[in-house]
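As numbered in our numbering, residues 11 to 148 make up the sequence shown, in order.
Cβ coordinates follow ideal geometry from the N, Cα and C atoms, glycine included.
The structure appears below as C-alpha cells.
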Amino acid sequence: MSKAIDNLQAAQQRAVAGRPKVGGFPYLAETLKRAGVKHNLWFLPACESLYLTEDGPVVTQGAPLLSGTVDVPPFDRHALVAGLRTDQAGQSTFPEFLAACWRAGVVRYDVDFAARSVAYYGCQGEVYTESYPAVDIE
C-alpha cells in the first residue's frame with residue numbers, strides 16, 4: 011500500500027470514530043483536510059471517489075448505485091437540497107444520501123476542502139454549490 015492510501019484510510023477511520031451523527035460531514039471534511047486531502051471528486055452512479063492528496067491521488071470504487079442502461083434523472087435543485095438537509099440532520103445513511111443525489115439528477119460532486127465547499131453537477135451543466143462550516147476537531 012502507498013503512503014497516500016495509508017494516510018487517507020487512517021484519516022477516514024479517525025473521522026468515523028469522532029464524527030457526530032448530526033452535522034457529521036464538516037467533521038469528516040476537516041479530518042481529511044488536515045490529513046492533506048485537497049479535493050474529493052465523486053462520480054455517480056458509479057460511486058467512484060477520487061481523492062487528490064498531498065501524497066498523491068487515490069481512487070476508491072464503491073458499489074454502483076445501479077446497473078445496466080438507465081435514463082439520467084433531470085436535475086432538481088429542490089430535491090437535492092432536501093436530500094442534503096436530511097443528511098445534515100443525521101436522518102440518512104451515506105448510501106441513502108448518494109441515492110438522493112442521483113434521484114435529484116446529480117451525476118458528480120466535487121468537494122474543495124480549502125474552500126470548504128461542495129459543488130453538485132447535473133449532466134446538462136447544472137450546478138448547485140454549498141459551503142460548509144469550519145469545525146474544531148481534536
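Can you say whether residue i is buried or exposed, counting buried as having 16 or more other CB atoms within 10 angstroms of its CB?
i, result
"C111", "buried"
"V69", "exposed"
"G78", "exposed"
"L139", "Note that residue 139 is Thr in the sequence shown here, rather than Leu. So T139 counts as exposed."
"V32", "exposed"
"V137", "exposed"
"V47", "buried"
"G100", "exposed"
So residue i and residue j are in contact, right, with Cβ under 8 Å, and what is the actual spacing, rounded?
i, j, result
"P36", "Y142", "5 Å"
"A89", "A114", "4 Å"
Report the rounded CA-to-CA distance for residue i versus residue j, giving the unit in angstroms.
i, j, result
"F104", "D97", "8 Å"
"M11", "I147", "27 Å"
"V91", "P83", "15 Å"
"R118", "W52", "5 Å"
"A56", "V116", "12 Å"
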